[in-house]
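Numbering-wise (the working numbering), the sequence shown opens with residue 14 and increments by one.
Worksheet: one structure, shown below.
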Amino acid sequence: MRSTCQHAQIKSVHNGSNLHNGTHLLRCGKPAFRNHSQNGEPAPRRHAGPRKTLVLAQAATAEAVLQKADLHEDLKKALRSVKPKLLIDGEFVDAAGGETFPTEDPRTGDVLLDVAEAQERDVDRAVQAARKAFDHGPWPRMSGRERGLLIYKLADLMEEHLLELATLESLDNGKPLSVAKSSDLPEAIEHLRYFAGWADKIHGLTIPTAGKMQAHTYREPLGVVGQIIPWNFPILMQAWKLGPALAAGNTIVMKVAEQTPLSALRVGELALEAGIPPGVLNIIPGSGSVAGAALAKHKGVDKIAFTGSTEVGKIIMKQAAENVVPVTLELGGKSPFVVCPDADLDAAVECAHQALFFNMGQCCTAGSRTFVHESIYDEFVKRAVKRAAEKAVGDPFDESTEQGPQVSKEQFEKILSYIDKGQQEGAKLEYGGKRIGDKGYYVEPTVFSNVTDEMSIAKDEIFGPVQSILKWSTIGEVLERANATEYGLAAGVFTQNLNWATTLSRGLKAGTIWVNTWNTFDAGVPFGGYKLSGIGREHGEAALSHYTQTKSVYQPLEEPLNWNM
C-alpha cells in the first residue's frame, strides 16, 4: 500500500521510492485503507450522519436532485452512473416498503441522492438470494481458475472506471480526490487481483496416519457470508472483504454504511458486468441498527465479517454467537507512535503528522498518541504546529487539498466535543480546534501538547484530525504507557537505532508495528488487532482461512472394511 510520510529505513531516513520489495508505500500514513470505526451497527449508530426516511412516492427522483445540485458536470456524470437501490439477486430493486435515506455531500451538507434503505425483510431477501446462488448456482462449483478470471475482470473494470469511482468516493466521503485516485482505488484493485491469484491455489492436504488409512482434507467455502463495511474507506474495505470471500467460493450479502453507499453500489454493477453470477454479490445500503442487526443475527448466514467500532463489534459477536457463526472483526484503535531521541526530527514530524491526519484523521490505525522523548519534545511540538498550520484544508476536488471535510455532521460534532474536552482537562491547545467556514463539516488540523495518559483525548478513539503529543523519558516507561490501552490495532516507532527499533517493536502490543513509516500495507501481509481491536486477520492466506472450512476424509488402503465385525 502507498504511504504519505517520508519512508525511512533504519539509519536511512529519506527513501523516495514508491515501490519497495513489492510493497506499496503511501508515504508514511497514506494508506488506501481502512479505518475503520464505522457503521453497520445493530445498535444506535456511532458515526452515522443525520438521516431521514422517505417513502419513494414522496422522494425527489435522483435526476431532479442532480438538476438542482450545485455540482460540476463531471460530478453529476459520476452520480448518474450509480443505481441508488438495493442489489439483490443480480437486480437493482427498491426496498420492499419503499424506504429511502439521503446521502449527503460533506462539503456542504446538501443531499446528493436518495438511496433505497434496506429493512429486515430486504435483508432476508438478500440472504435467500445468496443462499440460492450458493446451494444451486455455479459460483462454488466453478474451478478456482474460473473464479479467479472473473475476479480479475472485476479488477480490470474498476481500473477502467477509476476516475469515476474515485469521484464517487470523494463526493460521498469527503476525502481528497487525489488520495482516492492514488491510494484507495489502486489499493482496492491490487487486493482483488491478489486474491484472484489465490482462487486456484486453495487446497487441502494429504496426511500420513498411524493405521492403514489414507487421510486427506478439503478446504471448502463456508457458504453465505455477511459483510458489514465502514464509511471511512468504503471502496477499499469492500475490496478487502470481497477478495478472499469470492476467491474461496462463498456468496455474499454486504451491508454498506448509509453515509457512503455510492461507490459500493457501482462496484456491484461492475461485478455483474464482469460476469460474476447473480446472487453471488448482494449489496444492501442501510442503517446499522436495522439492516446491520438483521444481517448479524440472520440464521441463514454462515459467517459475519465486520469493520467498525469496538462497541458495535461486541454486539455483533453476541448476535453471531446465537447461531454459532464465526466472526472476523476489525475494530477500533488508539495507536501509539513512539519518537526516539535520535530521530531525524523533520522526518519524524512529517510521519507523525501523516499517521494522524491522513483521511481527515478517520482511520482506525491513526497514530493518535504521539509519544515524543523529553529531550526533543519542545522542538517536536514547535515543528508539529508549523506542519499543521501548513496543511491545505479545502474542497476535495481541488488537487492541492490535503484534508477535506469530515464525513458527517455527527462525526464533525463529536470531534469538536473532544477538542473541548481536551482543553477542559488541561491539555494545551497549540493549534486549530475550530470549525472552518459555516458550510460543510470542515475541522481545523488540531495539535495538543502537555497531554497526559488519563485525559479523554489520550484514551478515546476520536476519529478526527486531533494530534495529542505526550512526553516520555525511558523505554520501559513508554512501553508500559503505550500498552496501557484496551486497543491493540497498530503502533509505530521512529528511530535510527536498530536496538531501539527491535526492543520497541517486540514490546508494543499491537497487530501491526511500523518502523519509520506508517500505514504501509501489502495484500499478502496479515493485518488485524490485539485485545479489543479485533479478531482474525485481513490480507494474505490468513484472510482466506477465515472464509473456508476444513473437511477431513479417511479411506482404507487395503480391502474395504468388514462392516459385520
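The beta carbon of each residue, even a glycine, is placed where N, CA and C say it ideally should be.
Count the other C-beta atoms from every protein chain shown that fall within 10 angstroms of the C-beta of Asn186, then say buried if there are 16 or more, exposed otherwise.
buried
Just to confirm, is the Cβ distance from Pro243 to Pro274 under 8 Å?
no
Contact check, Gly262 vs Arg160, beta carbons under 8 Å
yes
Which stretch, first to last residue, makes up the beta strand (DSSP E) that contains Asp123?
123–129
For Gln132 versus Val303, is the C-beta distance shorter than 8 Å?
yes
Using CA atoms only, rank isn't needed, just tell me which of Tyr454, Gly305, Ser546 is closest to Asp408.
Tyr454
Secondary structure at Asn295, three-state DSSP: helix, strand or coil?
strand
Simplified DSSP assignment, three categories, for Glu271
coil
DSSP-derived helix/strand/coil call for Ala503:
strand
Considering only the beta carbon of each residue, do Ile248 and Ala277 sit closer than 8 Å?
yes
Met171 by DSSP, collapsed to three states: which one?
helix
Give the DSSP-derived three-state secondary structure of Phe350 in the structure shown.
strand
Nearest to Ala258 (by Cα), restricted to the options Asn463, Pro153, Met171:
Pro153
Distance between Asp411 and Thr459 (C-alpha atoms, nearest Å)
22 Å
Range of the contiguous beta strand (DSSP E) that encloses Ser565:
561–569
Can you list, in chain order, the stretches of the beta strand (DSSP E) that have 3 or more residues and sit fully within the region 325–408?
340–343, 349–352, 382–386
Can you tell me where the alpha helix (DSSP H) with Glu133 in it begins and where it stops?
133–149
From which residue to which residue does the beta strand (DSSP E) around Pro611 run?
Residue 611 falls outside the range modelled here, since the chain spans only 14 to 578, and no answer is possible.
Look at the Cβ atom of Val269, then the Cβ atom of Ile289, and state whether they are nearer than 8 Å.
no
Could you tell me whether the region 135–150 touches the region 231–245, using the rule of 3 or more Cβ pairs below 8 Å?
yes
In angstroms, rounded to a whole number, what distance separates the CA positions of Leu336 and Leu308?
Position check: residue 336 holds Asn in this sequence, whereas Leu was assumed. Near 12 Å, if we compare the C-alpha coordinates of Leu308 and Asn336.
Tell me the residue span of the alpha helix (DSSP H) that contains Ala307.
306–309
Among Pro349, Ser421, Glu490, whose alpha-carbon lies nearest the alpha-carbon of Val528?
Pro349
8 Å Cβ cutoff met for Thr341 and His552:
no
Count the other C-beta atoms from every protein chain shown that fall within 10 angstroms of the C-beta of Trp253, then say buried if there are 16 or more, exposed otherwise.
buried
Of the choices Ser546, Asn575, Ala108, whose alpha-carbon is the least far from that of Thr320?
Ser546
Local conformation of Met535 per DSSP, three classes
The identity of residue 535 in the sequence shown is Asp, whereas the question assumes Met. It is coil, neither helix nor strand.
My output table needs one value for Ala418: the three-state DSSP class, helix, strand or coil.
A small fix is needed here, since residue 418 is Pro in this sequence, not Ala. The answer is coil: DSSP assigns Pro418 none of H, G, I, E or B.
To the nearest angstrom, report how far apart Trp531 and Glu415 are at their CA atoms.
17 Å
In the DSSP output, what is Tyr444 paired with across the bridge?
Val460
Cβ-Cβ distance between Leu570 and Gln272 below 8 Å
no
I need the straight-line Cα distance from Leu126 to Val420, nearest angstrom please.
15 Å
Reference Ser322, options Asn245, Lys522, Gly520, Ser183, closest by Cα:
Asn245
Measuring CB to CB, does Pro97 end up less than 8 Å from Val128?
yes
In whole angstroms, what separates the C-alpha of Gly439 from that of Ala471?
12 Å
Verify whether the separation of the beta carbon atoms of Ser413 and Lys441 is less than 8 Å.
no
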